[in-house]
Amino acid sequence: MPLTLPADRAPTEPILAARGITKRFPGVLALDHVDFEVQAGEVHAVLGQNGAGKTTLMNILFGLVQPDEGALYLRGQRVHFRSPHDAIAQGIGMVHQTRRLVAAHTVLENIVLGHPRVRGFLNLRGARREVEALCNRYGFTVDLGARVWQLSEGERQWVEILKALYGGAKILILDEPTSVLTPPEVKTLLAGLQALVRDRGVTVLLVTHKLPVVMAASHRVTVFRSGSVVARLRTGEATEEILVQHMIGREVAFRTADRSTETGRPLLHVEQLSAFNDRGLLALRGVSFSLRAGEVLGVAGVTGNGQEELAQVLAGLRPATSGKVRFDDRDVTHLSPLERWRMGVGYIPAERIEVASIAAFSLVENTALNYHFDPAFTPRGLLDDAGLDQLTRRILSAYNVKAPHQYARARHLSGGNLQKLILGRVLSRRPRLLIAHLPTQGLDVEATAFVRAKLLDARAEGAAVLLISEDLDEILSLSDWVAPIYEGRFVAVLLREQADSETVGAMMAGLQKEAGAR
Amino acid sequence: MRLGRYELTLEPRPAVSAVYTVLTAVVAILLALALSSFLFLSADASLLGAYRAVFSYAFFNPRGILATVQRAIYLLFCTYAFLVPLRAGLWNIGLPGQVFAGALAAFAVPFVLRAQEAQTLALAPGLVILLMVAAAAAAGAMLGGFAGLLRARLQVNEILVTMMLNSILFWLVAYMIKEGGPFMGATAEGEGFTLPAPLTAPLLRGVPFTAALALGAAVLLDLLFAKTALGYRIRAFGENPAAARYGGISPVALSLLVFLLGGAFAGLAGYHAFTAVPGVYKIPGNYGFYGDLAFYGIISALIARGSAVGAVPIAVLFAGLSLGARFAQGALHLPFGVDYALLGLLMMTFIASHALYQFRLAWRRVPSEVLQPAPTELPEG
Numbered sequence: 001m002p003l004t005l006p007a008d009r010a011p012t013e014p015i016l017a018a019r020g021i022t023k024r025f026p027g028v029l030a031l032d033h034v035d036f037e038v039q040a041g042e043v044h045a046v047l048g049q050n051g052a053g054k055t056t057l058m059n060i061l062f063g064l065v066q067p068d069e070g071a072l073y074l075r076g077q078r079v080h081f082r083s084p085h086d087a088i089a090q091g092i093g094m095v096h097q098t099r100r101l102v103a104a105h106t107v108l109e110n111i112v113l114g115h116p117r118v119r120g121f122l123n124l125r126g127a128r129r130e131v132e133a134l135c136n137r138y139g140f141t142v143d144l145g146a147r148v149w150q151l152s153e154g155e156r157q158w159v160e161i162l163k164a165l166y167g168g169a170k171i172l173i174l175d176e177p178t179s180v181l182t183p184p185e186v187k188t189l190l191a192g193l194q195a196l197v198r199d200r201g202v203t204v205l206l207v208t209h210k211l212p213v214v215m216a217a218s219h220r221v222t223v224f225r226s227g228s229v230v231a232r233l234r235t236g237e238a239t240e241e242i243l244v245q246h247m248i249g250r251e252v253a254f255r256t257a258d259r260s261t262e263t264g265r266p267l268l269h270v271e272q273l274s275a276f277n278d279r280g281l282l283a284l285r286g287v288s289f290s291l292r293a294g295e296v297l298g299v300a301g302v303t304g305n306g307q308e309e310l311a312q313v314l315a316g317l318r319p320a321t322s323g324k325v326r327f328d329d330r331d332v333t334h335l336s337p338l339e340r341w342r343m344g345v346g347y348i349p350a351e352r353i354e355v356a357s358i359a360a361f362s363l364v365e366n367t368a369l370n371y372h373f374d375p376a377f378t379p380r381g382l383l384d385d386a387g388l389d390q391l392t393r394r395i396l397s398a399y400n401v402k403a404p405h406q407y408a409r410a411r412h413l414s415g416g417n418l419q420k421l422i423l424g425r426v427l428s429r430r431p432r433l434l435i436a437h438l439p440t441q442g443l444d445v446e447a448t449a450f451v452r453a454k455l456l457d458a459r460a461e462g463a464a465v466l467l468i469s470e471d472l473d474e475i476l477s478l479s480d481w482v483a484p485i486y487e488g489r490f491v492a493v494l495l496r497e498q499a500d501s502e503t504v505g506a507m508m509a510g511l512q513k514e515a516g517a518r
Numbered sequence: 001m002r003l004g005r006y007e008l009t010l011e012p013r014p015a016v017s018a019v020y021t022v023l024t025a026v027v028a029i030l031l032a033l034a035l036s037s038f039l040f041l042s043a044d045a046s047l048l049g050a051y052r053a054v055f056s057y058a059f060f061n062p063r064g065i066l067a068t069v070q071r072a073i074y075l076l077f078c079t080y081a082f083l084v085p086l087r088a089g090l091w092n093i094g095l096p097g098q099v100f101a102g103a104l105a106a107f108a109v110p111f112v113l114r115a116q117e118a119q120t121l122a123l124a125p126g127l128v129i130l131l132m133v134a135a136a137a138a139a140g141a142m143l144g145g146f147a148g149l150l151r152a153r154l155q156v157n158e159i160l161v162t163m164m165l166n167s168i169l170f171w172l173v174a175y176m177i178k179e180g181g182p183f184m185g186a187t188a189e190g191e192g193f194t195l196p197a198p199l200t201a202p203l204l205r206g207v208p209f210t211a212a213l214a215l216g217a218a219v220l221l222d223l224l225f226a227k228t229a230l231g232y233r234i235r236a237f238g239e240n241p242a243a244a245r246y247g248g249i250s251p252v253a254l255s256l257l258v259f260l261l262g263g264a265f266a267g268l269a270g271y272h273a274f275t276a277v278p279g280v281y282k283i284p285g286n287y288g289f290y291g292d293l294a295f296y297g298i299i300s301a302l303i304a305r306g307s308a309v310g311a312v313p314i315a316v317l318f319a320g321l322s323l324g325a326r327f328a329q330g331a332l333h334l335p336f337g338v339d340y341a342l343l344g345l346l347m348m349t350f351i352a353s354h355a356l357y358q359f360r361l362a363w364r365r366v367p368s369e370v371l372q373p374a375p376t377e378l379p380e381g
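So the sequences go chain by chain: A and B.
Residue numbers are given in my numbering: position 277 of the first sequence equals residue 277, and the series is strictly consecutive.
Residue numbers are given in my numbering: position 166 of the second sequence equals residue 166, and the series is strictly consecutive.
Listed below in structure tokens is the structure:
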């Protein structure tokens, strides 16, 4: 339910305001004369697609980025943040999209790390008392002695929030806080934030592109599109439809798999495949399935149940401890990634920035990542610069990648545009087997629809697609077969017609282990 | 910093022109020279005289300029030895060890062929020289490849391995050339045997053929990185090893390859230092000095930002100033170590100039304080 501000509180002087903010990055106008304000004691949602400018504005409010034009006002006073230190000193805290904790340290050590009072000698005992008092005041239960690597993502996020509060934050900026959380963790987080606001007078800025989060947890919402504010609404007066229209400027239609097409010959056989994860634990425990050309197998599961290991073993990036992979009637279990690329295996990893692209390279050079071994693009060992340039431009236009030009650095692309580039690059090789791991994670509505449509196009052209996703709707709308995965095993392999969201959801959670295995 | 309605800020530079790159380098050099005037205060000559002494010996004296060229060639090979693994994100700190390995291998060729004396030479001198070059490169490559292999297969840190190999090779050279060692010279004064004249590197107007190798390698290396698929793989691996692996690049083969190639260049540096410089033509007792000098290859590779051609003027400058300052130290009774102090200053100003290379000072107009506040509620649609 949307929250409503207490009726007796008329809009007053905003606690934090940005006026006429403009920010340019090389080749991109990230913010164009943006006016933005937040009232004290509200949850203010900042909604927009990838690249709309939300994160840039938050980074400006936190002093991480300096605006080219415009000014910030805190409680009506003009303020100037040279660095996050200034912002923290003024009571602003930020929890970033990616965790910034020291995994090997304890919760307490992480909370006091970087606190202005911690200089020279570390008084952990005194700090512990203070943090405990803080926990009691806000009603948190965190084991301060636990090491951060032992915590779940949701708990880590609370540690960061606690750290911000310990730093004296009265205004809390949360950048995409729900993106890595499971649904129950999201619920806990939103409830906790509301308690902070209601009982402690903290002001929360919630940056997100998820409509349900906005609707469930905010008082007011500011919608960004292409670097401008397009709407300021009370959440109570908004609907998801209205917000979507503001966010993307029009309506989006999702395509679903057209199941009338004939499926082709068997292409991939996986038998009892097992693999270790990075910590040396058996994460994939005997997975078997087969897949025909022109079919999509949707592997549904909560991250950390062996999906990543499955994708990596199939791509040749992780050795199988046992089991067999046959592709195109050939045993490929021990082939290198390069040999698999050559055979027509295409892989879209979940980690776009860390694995699938090279931030400092131009888009053309990023294209070469999937072509440096292709004889057609490396005559006499030389890279065919003209050919790659042309190919990259084709991908940019065919996949609607918004980039200043093909020689822009990959780091300047927003997440959605980078993913479209990676998708275009891999699909341009016309893979016969496509492994797509979390292909739409973190993407906005429009990019998600686009990526899904392209996966279906690949299927229609006869590719076998292994789609690994946490999003049940995505799995159910694209797949011919659905395989819920739990603790390294397929709970079942179901025909799409037999799979409904309740059954699959229960299987993903580890229930009904015995149901109809193929 | 605020000045009236304007504000001075440091911000990232979007793109850098070639002219600006050269300009920052020139400013860095001038600054280092200006700072070095403190070193010259105790000189027996005027400040200007001291500078003149340094430069005239390094770049205008016929003897001095040859010495500068010789040292520049040595530094260039060392630069490539560091630069190739660097482009793959790996740090080859084993330059001295690989230089020594190259030197030992080069001298092993005449030793094995029993050609320490000119009259006992069985093969054509040209062929023996070719063998010496090949042996030096191969030995450097093997030593580098050892570190590369450990890195690639067992994830052993390459910095530690190459560092420790330096020590091992240092003492191996000592064993080989000092009293009783197989390579001991005839006069047995803690030096290796002297190369017979026909086996020394051929000179053209005092410049050894290794100069052509060094300059050719600069061009070829830059072409390798800019134009070839192999160069692309090395750069991709250097920028993001996980992405490179994803793209089908084998980390094992690549780590090994760059260390083999880098080690080979260091081996050539060893060949050059002890068989191509007139007046040396042997492994001298103070060979450790060449090991220390090899580390300037690291600095020049870093300053040249990974460009081999860009490293050429830097190596020449380092070579000239170190020799010129050493000469001035003797001639003008400057304090001991003034040559290294000058190189150190250069290093610092070059590195400081990188800050200005990546960032720029910008004047920004402070936005007007009196802005109309935006309406608090704007329900649209």
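Each residue gets a CB set at the ideal place from its N, CA and C atoms; glycine is no exception.
Sequence-distant Cβ neighbours of A135/B in its own chain, meaning closer than 7 Å and more than five residues away, are A105, A106, A108, V109.
Remark: C-beta atoms of A201/B and I283/B do not approach each other more closely than 8 Å. Interface with chain B (8 Å Cβ-Cβ cutoff): F373/A is included. A distance below 7 Å between beta-carbons, with the five flanking residues on each side excluded, links G91/A to the following residues of its chain, in chain order: G168, A169, K170, I171. Closest in C-alpha terms to S479/A, from the list I348/A, D500/A, V491/A, comes D500/A. Shown here, Q90/A sits in coil according to DSSP, grouped into three states, outside any helix or strand. Here the alpha carbon of L418/A sits roughly 52 Å from the alpha carbon of F59/B.
Between the C-alpha atoms of V426/A and L127/B there is a straight-line separation of about 51 Å. If you draw a straight line from the Cα of V161/B to the Cα of R137/A, it comes to about 53 Å.
DSSP links Q39/A through a beta bridge to no other residue.
Residues are counted here when their Cβ sits less than 7 Å from a Cβ of chain B; for the region 375-390 of chain A these are T378, G381, L382, L383, given in chain order. With a threshold of 16 other beta carbon atoms within 10 Å, N286/B falls short and is exposed. Residue-level contact by beta carbon fails for A52/A and chain B, as no gap is shorter than 8 Å. Contact between the region 180-200 of chain A and the region 22-33 of chain A is absent, with fewer than three C-beta pairs closer than 8 Å. Nearest neighbour of G48/A by Cα position, chosen from T106/A, H246/A, H80/A, turns out to be H246/A. Apart from the 5 residues on each side of it in sequence, H33/A sits with its Cβ closer than 6 Å to the Cβ of G20, T22 in its chain, given in chain order.
Under the three-state reduction of DSSP output, E69/A falls in the strand class.
Rounded to whole angstroms, G344/B and Y296/B show a C-alpha spacing of 10 Å. By the Cβ-count criterion, R340/A is buried, with 16 or more other Cβ atoms from all chains shown falling within 10 Å of its own Cβ.
Taken through DSSP and simplified to helix, strand or coil, A275/A comes out as strand.
When CB distances to chain B are screened at a threshold of 8 Å, not a single residue of the region 389-423 of chain A falls below it. Put simply, the backbone Cα of A308/B is about 19 Å away from that of G94/B. Contact check for Y347/A and A300/A: beta-carbon distance about 19 Å, past the 8 Å limit, so the pair fails to qualify.
When C-beta distances to chain A are compared with 7 Å, the residues of the region 214-242 of chain B below that value are K227, T228, A229, L230, Y232, R233, A236, E239, N240, A242, in chain order. At a beta-carbon threshold of 8 Å, none of the residues of chain B lie near A104/A; the nearest stands roughly 19 Å away.
Exclusion of the five residues before and after S36/B leaves L342, L345 as the residues of its chain whose Cβ lies within less than 6 Å of its Cβ. No Cβ of chain B is located within less than 8 Å of the beta carbon of F450/A. Chain B places no beta carbon closer than 8 Å to that of I92/A, leaving this residue out of the contacts. Residue-level contact by beta carbon fails for G190/B and chain A, as no gap is shorter than 8 Å. Under a criterion of Cβ atoms nearer than 9 Å, the residues of chain B adjacent to V355/A are, in order, N240, A242, A243, R245, Y246. Identification of chain A residues near S250/B by a Cβ-Cβ cut-off of 9 Å yields S336, P337, L338, ordered along the chain. Ranked by Cα distance from E132/A, the options V159/A, D68/A, L151/A are led by V159/A.
By a beta-carbon distance limit of 8 Å, G64/B contacts G324/B. Their separation comes to about 7 Å. Restricting attention to F224/A, R452/A, E240/A, S362/A, the CA atom closest to the CA of R409/A is found in S362/A. Rounded to the nearest whole angstrom, the CA to CA distance from Y399/A to L383/A is 24 Å. Closest option to L66/B, judged by alpha-carbon separation, among A276/B, L86/B, P96/B: A276/B.
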